[in-house]
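J.:
Number of protein chains: 2
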Amino acid sequence: MAVCYLGLGSNLGNRRKFIRLALERVGALEKTKVIKVSQLYETEPQGFIAASPGFINAAAKISTPLSALKLLKELKAIESELGRKKFKGLRSRPIDLDILFYGNKRISLPYLKVPHPRVTERDFVLRPLKDIAGPLIKSLSAKMKVISKISSMREFIRAQKIKGRTIGFVPTMGALHQGHLSLIRQAKKDNDRCVVSIFVNPIQFGPKEDYKKYPRDLERDSILARSAGCDCVFFPDAGEMYPENYLTYVFVEKITDCLCARLRPGHFKGVTTVVSKLFNIIGPDIAYFGQKDYQQALVIKKMAEDLNMPLKIKVMPTIRESDGLAMSSRNAYLSAQERLDAAVLHQALQKAKEMIFQGERNSRKIIREMRKMILKKKSAKIDYALVADARTLVPVNVIRGKTLIALAARIGKTRLIDNMVVC
Amino acid sequence: MAVCYLGLGSNLGNRRKFIRLALERVGALEKTKVIKVSQLYETEPQGFIAASPGFINAAAKISTPLSALKLLKELKAIESELGRKKFKGLRSRPIDLDILFYGNKRISLPYLKVPHPRVTERDFVLRPLKDIAGPLIKSLSAKMKVISKISSMREFIRAQKIKGRTIGFVPTMGALHQGHLSLIRQAKKDNDRCVVSIFVNPIQFGPKEDYKKYPRDLERDSILARSAGCDCVFFPDAGEMYPENYLTYVFVEKITDCLCARLRPGHFKGVTTVVSKLFNIIGPDIAYFGQKDYQQALVIKKMAEDLNMPLKIKVMPTIRESDGLAMSSRNAYLSAQERLDAAVLHQALQKAKEMIFQGERNSRKIIREMRKMILKKKSAKIDYALVADARTLVPVNVIRGKTLIALAARIGKTRLIDNMVVC
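Protein sequences, first through last, are from chains F and C.
If you want the working numbering, it's the position in the first sequence, counting the first as 1, plus 5.
If you want the working numbering, it's the position in the second sequence, counting the first as 1, plus 5.
(1) Excluding the 5 residues preceding and the 5 following lysine 194 of chain C in the sequence, name in chain order all residues of the same chain whose CB lies nearer than 6 Å to its CB.
(2) Do the region 137-156 of chain F and the region 21-35 of chain F meet, that is, are 3 or more Cβ pairs less than 8 Å apart?
(3) Which partner residues does threonine 408 of chain C have in the DSSP bridge list?
(4) Please list the terminal residues of the continuous beta strand (DSSP E) segment that includes cysteine 9 of chain F.
(5) Could you say if the region 231-241 of chain F and the region 267-277 of chain F meet the contact criterion of at least three C-beta pairs nearer than 8 Å?
(6) To the nearest angstrom, report how far apart threonine 171 of chain C and aspartate 290 of chain C are at their CA atoms.
(7) Leaving aside the five residues before and after proline 70 of chain F along the sequence, list all residues of the same chain whose C-beta is less than 6 Å from its C-beta, in chain order.
(8) Kindly list, in the order they appear in chain F, the residues whose Cβ is closer than 7 Å to that of asparagine 285 of chain C.
(9) Between the region 247-279 of chain C and chain F, which residues of the former have CB atoms less than 9 Å from a CB of the latter, in chain order?
(10) Run through DSSP, which three-state label would cysteine 265 of chain C get?
(11) Would you check if the region 376-390 of chain C and the region 401-408 of chain C touch, i.e. whether three or more CB-CB distances between them fall below 8 Å?
(12) Under the three-state reduction of DSSP, which class applies to tyrosine 389 of chain F: helix, strand or coil?
(13) Quick check on lysine 306 of chain C - is its C-beta less than 8 Å from some C-beta in chain F?
(14) For serine 156 of chain F, would you say it is in contact with chain C, using Cβ-to-Cβ distances shorter than 8 Å as the test?
(15) I'd like to check one pair, serine 384 of chain F with isoleucine 422 of chain F: are the Cβ atoms closer than 8 Å?
(16) Measure how close the beta-carbons of valine 42 of chain C and leucine 26 of chain C come, nearest whole angstrom, since I'm counting them as under 8 Å.
(17) Please determine, among C:Pro400, C:Val349 and C:Lys382, the residue with the shortest C-alpha to C-alpha distance to arginine 369 of chain C.
(18) How would you list, in chain order, the residues of chain C whose beta-carbon sits under 7 Å from the beta-carbon of lysine 282 of chain F?
(19) Name the chain C residues whose beta carbon is nearer than 7 Å to that of glycine 288 of chain F?
(20) Tell whether a beta-carbon distance below 8 Å holds between serine 146 of chain F and proline 220 of chain F.
(21) Hey, glycine 169 of chain C and asparagine 196 of chain C: beta-carbon distance below 8 Å or not?
(22) When the Cα atoms are used, what is the spatial distance from glutamine 191 of chain F to phenylalanine 294 of chain F?
(23) Output yes or no for whether 8 Å exceeds the beta carbon distance between isoleucine 305 of chain F and threonine 277 of chain F.
(24) Counting only runs that start and end within the region 350-385 of chain C, where is the alpha helix (DSSP H) found for 4 or more residues in a row?
(25) Roughly how many angstroms separate the alpha carbons of valine 130 of chain F and alanine 309 of chain C, rounded to a whole number?
(26) Would you report the Cα separation of phenylalanine 256 of chain C and phenylalanine 161 of chain F, rounded to the nearest angstrom?
(27) If we call anything under 8 Å between Cβ atoms a contact, is asparagine 19 of chain F one with arginine 98 of chain F?
(28) Can you check which of these residues, C:Leu312, C:Lys81, C:Lys217 and C:Asp103, is closest to alanine 63 of chain C by C-alpha distance?
(29) Measuring CA to CA, which of C:Arg396, C:Ala411 and C:Gly364 is closest to isoleucine 372 of chain C?
(30) Please determine, among F:Ile100, F:Leu87, F:Gly88 and F:Lys22, the residue with the shortest C-alpha to C-alpha distance to glycine 12 of chain F.
(31) Which residues mark the beginning and the end of the alpha helix (DSSP H) in which glycine 32 of chain F is found?
(32) On the three-pair Cβ rule with 8 Å, is the region 111-119 of chain F touching the region 200-208 of chain F?
(33) Please state whether DSSP places alanine 414 of chain F in a helix, a strand or coil.
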């Protein structure tokens, strides 16, 4: 008998019923028992299928005498039986069954990989699995260090540097998504070791902002970071980073007066200060930032250059959902309808790109068009929509040279940003 | 025949005449010729001999067939003849003659060291000597690197670190005095290599301050730094440190609001910014600051701690002239009378110390006494005289625990500071 973990998903028809039926069928297999079932989790709908209600996901622990291949065959049969074939489209299915773990076995065939690669990469697999297999999940990030003290972090780094190893560094506030993971993968590719910091930095939040409700889940983040190649997570608490009588700040002038700073005063001073501290603690060779936060990346590049910080800054492309929405930890705040509406930011940027491609150089016309598109969504309020010099962030009336087109909008109560650089 | 350099000094009687007479006597020695004589330089009077007019110094290049020992004997005879014996006191003499160089010879006897050790340590020898022996002087600092480009500095540092060498760092604005040299000696003692930066930092000067007239003499400073153990001088220009579109600043709150900051707004922001940059360029293990600039040292320690800079800060005791005046590059601005008056700062601190030793704990009484003493000097105007918590710089009414007593005064047009910490 083998102990296995299965992943179950449904996003069509009576989703809860399909999950229940699938579990009944699995329990009816030869000498197979369903030992434990997770809660049912609803994930965000995919924007491009406007009618889709999103996935319901679950995980189940079973014991079975069937071999892995035989079990796979039976699961496919159940999928067929429950009508999978009747529906078309890759991501639209009444029931989807996967083998996540089959005992301790490692299988790598074109049609069956165990443990399932999504286990450590996809939140919708990880969350239900954590309900019923906590210790097993924990072991997935076991080889990675999680350090919360600055002094221990320095020791880890010293040990690496003595061996001549290079350090890639990805500063984050946790709530990791594919955008972060792409930075981590790049950091690991470019360097011998990859360090990821997870720190929700209080001094970059305004008093009315979401510091307290910002999502925090170290276990989930550690597993995701590990899966992307992270060697060490630095996870200090606020008291470690800002002890009593903290007095020192780093700030960049001018390029922090505009765009996101107008509605978030002091935000960038918080960012540059914490990033300076992290750079001093980690001493990376290269640090990685996402282009989604264009202004942030620009400010940090300027800071590092002006203060002669001994490192390189790499800015990596924005990673997007399939409907174009830029990946962001704050996307999790969106309701189903808001999630659909949110795609309009990217659509507006695409529209701008098209207009420029067709010869439009007048910023006002482009901005007017983008605003019109965005405001068609009832949930949307625009913070700013602007066309600016990509280096100085000074708005331009005529597009010429490297130009930033940047948007910030509230979709419901959630503030989202996106941008595009055209040359 | 040997080519020699002599040092000549006089601070008693008709000083110029004594120098002239001594040169005549040297020229009258057997087959000896005086080839070249420097200008006459007047150095500051020593405070403890109130009546002293200060030294006149000169240097002379001669050729002579006499051996070094024979020449020394003849010089002593000239000193005697010109009445040295008639006067008492070590530093008070109508004529003082030294052999600075005797060809390429190195002599190390108890009564004769050639090259004369003061050549590289004392300004009053170095300045006249430079007039007549520029290339020779240059060769004294030849083994030391002087680097003006940030990229070259980084290369030098990288080469040291690869060999596992530690770096001690002394940031200065040049115009080196014994205070700086004590920091350099300590840096060389504690570390494998010592780097000294010489950079008059424009952003720490107010618009009405002495940025332009601040003394600059790289050659002199290089020789002094070398003599104290410096391995490399970093000497960037303002454009290298602050290129066009420079935007980034580091600042420390609260402890930069008081004392020297009240009359010098923005001063410490300039200091913390340039020191951050230098730390990032040099990457020292330990950086050295003088206690004379107590507030500056405190601010830099706080900055390094708050921003987690990977280095140690060492604060070294104030070095003083024989009358107690704290060494400072700005002392050079003082007239003869002001130089005498300036000693009152240290005297006032000594008075405060005495009062505290005798049990006084009332800050006001101590301040009143210090002010009274200082204002007896006509040239003196007080900027501040205060008693404060040594850690927070908040003024205290009652002395208890580690306490700073700090003074700033203008002596004539020259602003001087001094301080003392009592426990």
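Yeah, the Cβ is synthetic: ideal placement off N, Cα and C, and Gly gets one too.
T.: Let's see:
(1) Counting from 1 along the second sequence, the entry for residue 194 of chain C is found at position 189. Excluding residues within five positions, none has a Cβ falling inside 6 Å.
(2) no
(3) By 1-based counting over the second sequence, the position of residue 408 of chain C is 403. Beta-bridge pairing links threonine 408 of chain C to C:Asp394 and C:Val427.
(4) By 1-based counting over the first sequence, the position of residue 9 of chain F is 4. Counting along the chain, the beta strand (DSSP E) containing cysteine 9 of chain F begins and ends at 7-15.
(5) no
(6) To locate residue 171 of chain C, count along the second sequence from 1; it is residue 166. To locate residue 290 of chain C, count along the second sequence from 1; it is residue 285. Roughly 6 Å separates the two Cα atoms.
(7) Along the first sequence, read from residue 1 onward, the residue named residue 70 of chain F stands at position 65. Excluding sequence neighbours, proline 70 of chain F sits near Met6 and Lys36.
(8) By one-based count along the second sequence, residue 285 of chain C stands at place 280. Per Cβ cutoff of 7 Å: Leu312, Asn313, Met314 and Pro315.
(9) Tyr247, Pro248, Asn250, Tyr251, Leu252, Thr253, Tyr254, Val255, Phe256, Val257, Glu258, Lys259, Ile260, Thr261, Thr277 and Thr278
(10) Along the second sequence, one-based indexing puts residue 265 of chain C at 260. Correct three-state label for cysteine 265 of chain C: helix.
(11) no
(12) Position 384 of the first sequence, counted from the start, is the residue given in the question as residue 389 of chain F. Strand.
(13) Within the second sequence, residue 306 of chain C is the residue found at index 301, counting from 1. No, no contact with chain F.
(14) Reading the first sequence from its first residue, position 151 is the one you call residue 156 of chain F. So, not an interface residue.
(15) If you number the first sequence from 1, residue 422 of chain F lands on position 417. If you number the first sequence from 1, residue 384 of chain F lands on position 379. No, Cβ-Cβ distance for isoleucine 422 of chain F and serine 384 of chain F is not below 8 Å.
(16) Looking up residue 42 of chain C in the second sequence gives position 37. Looking up residue 26 of chain C in the second sequence gives position 21. Actually they are not in contact, since the Cβ atoms of valine 42 of chain C and leucine 26 of chain C sit about 13 Å apart, beyond 8 Å.
(17) In the second sequence, residue 369 of chain C corresponds to position 364, counting from 1. The residue with the shortest Cα to Cα distance from arginine 369 of chain C is C:Pro400.
(18) For the purposes of this step, residue 282 of chain F is taken as the residue at position 277 of the first sequence. In chain order: Leu312 and Asn313.
(19) Taking the first residue of the first sequence as position 1, residue 288 of chain F is located at position 283. Pro315, listed in chain order.
(20) As a first step, residue 146 of chain F is located in the first sequence; it is residue number 141 there, counting from the start. As a first step, residue 220 of chain F is located in the first sequence; it is residue number 215 there, counting from the start. Their beta carbons are not under 8 Å apart, which means serine 146 of chain F does not touch proline 220 of chain F by this criterion.
(21) If you number the second sequence from 1, residue 169 of chain C lands on position 164. If you number the second sequence from 1, residue 196 of chain C lands on position 191. Taking 8 Å as the Cβ cut-off, glycine 169 of chain C and asparagine 196 of chain C do not qualify as a contacting pair.
(22) Translated into the one-based positions of the first sequence, residue 191 of chain F becomes position 186. Translated into the one-based positions of the first sequence, residue 294 of chain F becomes position 289. Glutamine 191 of chain F and phenylalanine 294 of chain F: Cα-Cα distance of roughly 11 Å.
(23) Position 300 of the first sequence, counted from the start, is the residue given in the question as residue 305 of chain F. Position 272 of the first sequence, counted from the start, is the residue given in the question as residue 277 of chain F. Contact: yes.
(24) 368-380
(25) The residue you call residue 130 of chain F lines up with position 125 of the first sequence. The residue you call residue 309 of chain C lines up with position 304 of the second sequence. Rounded to whole angstroms, valine 130 of chain F to alanine 309 of chain C spans 44 Å at the Cα level.
(26) The residue labelled residue 256 of chain C in the question sits at position 251 within the second sequence. The residue labelled residue 161 of chain F in the question sits at position 156 within the first sequence. About 29 Å.
(27) Position 14 of the first sequence, counted from the start, is the residue given in the question as residue 19 of chain F. Position 93 of the first sequence, counted from the start, is the residue given in the question as residue 98 of chain F. No, the pair does not count as a contact, with Cβ atoms beyond the cut-off.
(28) The residue given as residue 63 of chain C occupies position 58 in the second sequence. The candidate whose alpha carbon is nearest that of alanine 63 of chain C is C:Asp103.
(29) Walking along the second sequence from the start, residue 372 of chain C turns up at place 367. Nearest C-alpha to isoleucine 372 of chain C: C:Ala411.
(30) Counting from one through the first sequence, the residue named residue 12 of chain F turns up at place 7. The shortest Cα separation from glycine 12 of chain F among F:Ile100, F:Leu87, F:Gly88 and F:Lys22 belongs to F:Ile100.
(31) Residue 32 of chain F sits at position 27 when you count from the first residue of the first sequence. Per DSSP, glycine 32 of chain F belongs to the alpha helix (DSSP H) from 20-32.
(32) no
(33) If you number the first sequence from 1, residue 414 of chain F lands on position 409. Here alanine 414 of chain F sits in strand by DSSP.
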